[in-house]
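To start, the structure itself, in structure tokens.
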Amino acid sequence: MTRILIKKQLREVAYFYIRDRKTGKRQSKGKTTGFIFLWLLVFGSLGAAAFGLCDLFGSVFFDIGLDWFFFALMGLVAICVGIFGSVFSTYATLYKAKDNEALLSLPIDTKKILIARLTTTYLLGCIFSALFYIPTLIYYYTHVTQTVASVVCSLLQFVVFNIASMALVCIIGYFVALLSSRFAGKSYITVIVTMGFLVLYYWGYFKLMGSIETIAGNGVIFAQKLEGKAFLFRKFGESFIGDIPAFLIWTLIVLAVFAVVFFVLSSNYLKLMTTNRGSKKAEYVAEKSIKSRSINKALLMKEWKRFTKSAVYLMNSGIGAMLVPVLAIAMIIKADAIREMMDKYVTLMTAMFPGLDVKGYIPLLCVAMMLFVGSMIAITAPAVSLEGQSIWILKSLPIDPIKILDQKRRLHLFVGIPAVVIMGLAFGYVLKMEIGDIALSILVGIAYTLLNANAGLALNLLMPNLTWKDETVPVKQSTPVLIVIFGSFAIIVGLGALYIKVLKDVLTNPMDYAIYVFVFFVVCAGFIQKWLNTKGVELWNDL
Numbered sequence: 032m033t034r035i036l037i038k039k040q041l042r043e044v045a046y047f048y049i050r051d052r053k054t055g056k057r058q059s060k061g062k063t064t065g066f067i068f069l070w071l072l073v074f075g076s077l078g079a080a081a082f083g084l085c086d087l088f089g090s091v092f093f094d095i096g097l098d099w100f101f102f103a104l105m106g107l108v109a110i111c112v113g114i115f116g117s118v119f120s121t122y123a124t125l126y127k128a129k130d131n132e133a134l135l136s137l138p139i140d141t142k143k144i145l146i147a148r149l150t151t152t153y154l155l156g157c158i159f160s161a162l163f164y165i166p167t168l169i170y171y172y173t174h175v176t177q178t179v180a181s182v183v184c185s186l187l188q189f190v191v192f193n194i195a196s197m198a199l200v201c202i203i204g205y206f207v208a209l210l211s212s213r214f215a216g217k218s219y220i221t222v223i224v225t226m227g228f229l230v231l232y233y234w235g236y237f238k239l240m241g242s243i244e245t246i247a248g249n250g251v252i253f254a255q256k257l258e259g260k261a262f263l264f265r266k267f268g269e270s271f272i273g274d275i276p277a278f279l280i281w282t283l284i285v286l287a288v289f290a291v292v293f294f295v296l297s298s299n300y301l302k303l304m305t306t307n308r309g310s311k312k313a314e315y316v317a318e319k320s321i322k323s324r325s326i327n328k329a330l331l332m333k334e335w336k337r338f339t340k341s342a343v344y345l346m347n348s349g350i351g352a353m354l355v356p357v358l359a360i361a362m363i364i365k366a367d368a369i370r371e372m373m374d375k376y377v378t379l380m381t382a383m384f385p386g387l388d389v390k391g392y393i394p395l396l397c398v399a400m401m402l403f404v405g406s407m408i409a410i411t412a413p414a415v416s417l418e419g420q421s422i423w424i425l426k427s428l429p430i431d432p433i434k435i436l437d438q439k440r441r442l443h444l445f446v447g448i449p450a451v452v453i454m455g456l457a458f459g460y461v462l463k464m465e466i467g468d469i470a471l472s473i474l475v476g477i478a479y480t481l482l483n484a485n486a487g488l489a490l491n492l493l494m495p496n497l498t499w500k501d502e503t504v505p506v507k508q509s510t511p512v513l514i515v516i517f518g519s520f521a522i523i524v525g526l527g528a529l530y531i532k533v534l535k536d537v538l539t540n541p542m543d544y545a546i547y548v549f550v551f552f553v554v555c556a557g558f559i560q561k562w563l564n565t566k567g568v569e570l571w572n573d574l
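Note that my numbering gives residue 503 to position 472 of the sequence shown, counting from 1, and the numbers run on in steps of one.
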């Protein structure tokens, strides 16, 4: 039975990539090629980052015999990548899946259900961590002479440290589920807890990135300080390079921690799946007048409630908007340090490229930040799919379909535009930019947010998924979301490369280029909007 449940979980994850959920037929060769291209893009970007970090650390640590310190650092980064790739879907997959009632109605031990879902969580973490760890192994194998023990241990460590990653993800998801079962506004509790984790995660990440040069330049000192004080950290690093006793110690510790986590989860899993202590009890409410709304406001409120009451939707599609205020406040607090750092890099770049007005490119950097903020918001990409099998209710109402689609787009703009404005003002203040440059940067960000909203909605109409059982599928694993997110990164890189390689000598003022980018985004958004008003409405009616 456990094998069947695991197969079911894996098929739910992979089904969309194999078959069209609307027709049940196999995906076309074009879509399959697109999926492969997207994953190659993800692998390429993370792989490039991994090779860059390996080269920075390896060139220092390998020559002085600190292979274990190299792997301790790279292994931690791989674990963080695995956690970040699976943490957002853990809560919905383990505790609040849509098929809980169907599975519990069958004579199946809850431990078997838990094992099946943990297997999916584990494999998802493995996929993301592998994107970083495989390049690390390639670099290590090609720069250091290997023994049988080092090869075997470094390969087995991938299995072991992903168990540690899964245990950490389960702990986070467990506390989120425990809190959610005790409070009515469970989506807000989920968001608060996850945001707290993200703040700690990014704080640790940026602290590490800020210390990379220091670590690389003083590796011996760091390693000597950690050697006697951080036993587990030392054993973690040594377990990669063929130290059998260290590998066994680290493995036993990880398995012991996971055993405790599994025991706690299995003991409380049925309660977490079925209990809803936070739901309000029925109570008498005195008769009162009903407040009416216009059709547009009612549709917008419907979209807003779905967005704010679904922790998975809110965290994955609106994460950029929620992080922006925190990032803006942090930038303002650290304004002097950021200015000092920018002056340092401007001086360095000026020395490397004499005659180049490096300072003139700072406003263009602000434009890039606005585009990055817009790329982290993907509300419309899963908006149609989230209607699910109840879409017939909305379609049965005497409402013009374009109004329904417009309100999905308005929600995206309602969330995304304030984020762009806040980030633009914070960035302009910290870097002391001129008012005109700040305004233009914000306008480019708003135009891109509009383009992103229209493109996400169009893609979701072209590739809908209305048969999902877990809302994680349309929000995290659908093709429209992947295209919007990674397509946004490709657009940012492509526009930057176009200016640097082709238009730099023609448009000597970088902000002149920003004007053309703004016009380009507005025109593209207009074309997609026209398509939504015609072909998009037809696709909606055919759903």
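From the three backbone atoms N, C-alpha and C, an ideal C-beta is built for every residue, glycine too. Fair warning: this is a prediction, and the values are worked out from it, not measured in the lab.
message: On a Cα-Cα basis, can you pick out the residue from Pro511, Asn491, Tyr547, Val533 that is closest to Leu574?
response: The sequence position of residue 574 within the sequence shown is 543, counting from 1. Minimum Cα distance to Leu574 is reached at Asn491.
Beta-carbon contacts of Ile110 that lie in its chain and below 7 Å, excluding the five residues immediately before and after: Start at 1 with the first residue of the sequence shown, and residue 110 comes out as number 79. So the list reads Ser160, Phe192, Ala195, Ser196, once near-sequence residues are dropped.
- prompt: Any idea what DSSP makes of Asp94, helix, strand or coil?
  reply: To locate residue 94, count along the sequence shown from 1; it is residue 63. Reduced to three states, the DSSP call for Asp94 is helix.
- prompt: If you follow the alpha helix (DSSP H) that Asn540 is part of, which residue opens it and which one closes it?
  reply: For the purposes of this step, residue 540 is identified with residue 509 of the sequence shown, where counting begins at 1. Element bounds for Asn540: n/a, residue is neither H nor E.
message: Less than 6 Å between C-beta atoms, sequence neighbours within five positions excluded: which residues of the same chain meet that for Val108?
response: Position 77 of the sequence shown holds residue 108. Cβ neighbours of Val108 beyond the five flanking positions: none.
task: Evaluate Ser270 with the Cβ neighbour count: other Cβ atoms within 10 Å of its Cβ, from every protein chain shown; 16 or more gives buried, anything less gives exposed.
output: Indexing the sequence shown from 1 puts residue 270 at position 239. The residue is buried, with at least 16 neighbouring Cβ atoms inside 10 Å.
message: Within 10 Å of its beta-carbon, does Gly557 have 16 or more other beta-carbons around it, so buried, or fewer, so exposed?
response: On the sequence shown, position 526 is the one that residue 557 refers to. The residue in question, Gly557, is exposed, as its Cβ has fewer than 16 Cβ neighbours within 10 Å.
Supposed contact pair Pro394 and Ser472 - C-beta distance, whole angstroms, cut 8 Å: Position 441 of the sequence shown, counted from the first residue, corresponds to residue 472. Position 363 of the sequence shown, counted from the first residue, corresponds to residue 394. Indeed, because the Cβ distance is near 7 Å, the residues count as touching under 8 Å.
field: Cβ pair Val575, Cys201 closer than 7 Å
entry: Because residue 575 is not part of the residues shown, which for the chain are 32 to 574, the question remains open.
- request: Write down every uninterrupted run of the alpha helix (DSSP H) in the segment 483 to 519 whose length is 4 residues or greater and which is fully enclosed by it, in chain order.
  value: Runs of the alpha helix (DSSP H) inside the segment 483 to 519: 503 to 507.
- prompt: What residue ranges within the segment 541 to 565 form continuous alpha helix (DSSP H) runs of no fewer than 4 residues, ordered along the chain?
  reply: 541 to 562
query: Are there 16 or more other CB atoms within 10 angstroms of the CB of Lys311, so buried, or fewer, so exposed?
result: The count along the sequence shown starts at 1 and reaches residue 311 at position 280. With a pLDDT of only 49 at Lys311, under 50, the local geometry of the prediction cannot be trusted, and the value read off the model is given with reservation. By the neighbour-count rule (16 or more Cβ atoms within 10 Å), Lys311 is not buried but exposed.
message: Given this structure, state the Cα-to-Cα distance separating Leu379 from Phe549, to the nearest angstrom.
response: Numbered from 1 along the sequence shown, position 348 holds the residue referred to as residue 379. Numbered from 1 along the sequence shown, position 518 holds the residue referred to as residue 549. Those two C-alpha atoms are separated by around 30 Å.
- request: Could you check which residue in Phe403, Gly476, Ala486 has the C-alpha nearest to that of Leu436?
  value: Taking the sequence shown and counting its residues from 1, one reaches residue 436 at position 405. Answer by Cα proximity: Ala486.
query: Taking Cβ to Cβ, would you say Ile272 is nearer than 7 Å to Trp99?
result: Within the sequence shown, residue 272 is the residue found at index 241, counting from 1. Within the sequence shown, residue 99 is the residue found at index 68, counting from 1. Yes, the pair counts as a contact, with Cβ atoms nearer than the cut-off.
- prompt: alpha helix (DSSP H) containing Ser356: first to last residue?
  reply: Working through the sequence shown from its first residue, we reach residue 356 at position 325. In the sequence on display, residue 356 carries Pro and not Ser. Unbroken alpha helix (DSSP H) run through Pro356: 350 to 364.
- prompt: How many Å lie between Val579 and Ala277 at the Cα?
  reply: Nothing about residue 579 can be read from this structure; the chain reaches only from 32 to 574.
Residue closest to Ser519, alpha-carbon to alpha-carbon, out of Val512, Ile448, Ser406: If you number the sequence shown from 1, residue 519 lands on position 488. Considering only alpha carbons, the answer is Ser406.
task: Locate the alpha helix (DSSP H) running through Tyr392, then write down its first and last residues.
output: As a working note, residue 392 is residue 361 in the sequence shown. Where Tyr392 is concerned, there is no enclosing alpha helix (DSSP H), given that its DSSP letter is neither H nor E.
query: Any idea what DSSP makes of Asp573, helix, strand or coil?
result: Residue 573 sits at position 542 when you count from the first residue of the sequence shown. Correct three-state label for Asp573: helix.
query: Shortest alpha-carbon distance to Val580 belongs to which of Ala457, Gly419, Asn327?
result: Since the first residue of the chain shown is 32 and the last is 574, residue 580 is not available in this structure.
field: Close beta carbons around Asp468, own chain, < 8 Å, minus the five adjacent residues each side
entry: Numbered from 1 along the sequence shown, position 437 holds the residue referred to as residue 468. Excluding positions up to five away in sequence, the list reads Pro394, Cys397, Gly459, Met542.
- request: Look at the alpha carbon of Pro505 and the alpha carbon of Leu482, and state the distance between them as a whole number of angstroms.
  value: Numbered from its first residue, the sequence shown carries residue 505 at position 474. Numbered from its first residue, the sequence shown carries residue 482 at position 451. Distance between the alpha carbons of Pro505 and Leu482 is about 20 Å.
task: With a threshold of 16 other CB atoms inside 10 Å of the CB of Gly96, please say whether the residue is buried or exposed.
output: Sequence index remark: in the sequence shown, residue 96 carries index 65 (1-based). Under this definition Gly96 is an exposed residue.
message: Helix, strand or coil, according to DSSP, for Ile139 in the structure here?
response: As a first step, residue 139 must be located in the sequence shown, where it is residue number 108. If DSSP states are grouped into helix, strand and coil, Ile139 belongs with coil.
message: My assumption, with CB atoms under 8 Å, is that Thr339 sits in contact with Leu345. Please give the rounded CB distance.
response: Sequence index remark: in the sequence shown, residue 339 carries index 308 (1-based). Sequence index remark: in the sequence shown, residue 345 carries index 314 (1-based). About 6 Å separates the two Cβ atoms, so the contact holds.
query: In angstroms, rounded to a whole number, what distance separates the CA positions of Ile453 and Leu263?
result: For this step, residue 453 is matched to residue 422 along the sequence shown. For this step, residue 263 is matched to residue 232 along the sequence shown. When rounded, the distance between both Cα atoms is 42 Å.
task: Can you give me the start and stop residues for the alpha helix (DSSP H) that Ile448 sits inside?
output: Your numbering for residue 448 matches position 417 in the sequence shown. Ile448 -> alpha helix (DSSP H) spans 432 to 461.
- request: Can you tell me the Cβ-Cβ gap for Pro495 and Val415, rounded? I've got them flagged as a contact below 8 Å.
  value: Counted from its first residue, the sequence shown places residue 495 at position 464. Counted from its first residue, the sequence shown places residue 415 at position 384. The Cβ separation is near 5 Å, so the contact holds.
message: Cutting at 6 Å between CB atoms, please list the residues of its own chain near Cys555, excluding the five before and the five after it.
response: Locating residue 555 in the sequence shown gives position 524, where the first residue counts as 1. Result list for Cys555: Leu482, in chain order.
task: Starting from Lys328, follow the alpha helix (DSSP H) in both directions and report where the run begins and ends.
output: As a working note, residue 328 is residue 297 in the sequence shown. Start and end: 326 to 340.
query: Taking DSSP as the reference, what is the three-state secondary structure of Lys311?
result: Indexing the sequence shown from 1 puts residue 311 at position 280. At Lys311, the pLDDT of 49 sits below 50, so the modelled position is not reliable and the matter cannot be decided from this model.
message: Tell me the DSSP secondary structure of Val175 in three-state form.
response: Residue 175 sits at position 144 when you count from the first residue of the sequence shown. Of the three classes helix, strand and coil, the one that applies to Val175 here is coil, per DSSP.
Spatial neighbours of Asn572 in its chain, beta-carbon cut-off 7 Å, leaving aside the 5 residues before and after: Walking along the sequence shown from the start, residue 572 turns up at place 541. If we look at Asn572 and ignore the five residues flanking it on each side, its Cβ neighbours are Pro432.
task: In the DSSP assignment, find the unbroken alpha helix (DSSP H) run with Lys426 in it and report its ends.
output: Your numbering for residue 426 matches position 395 in the sequence shown. Where Lys426 is concerned, the enclosing alpha helix (DSSP H) stretches over 422 to 426.
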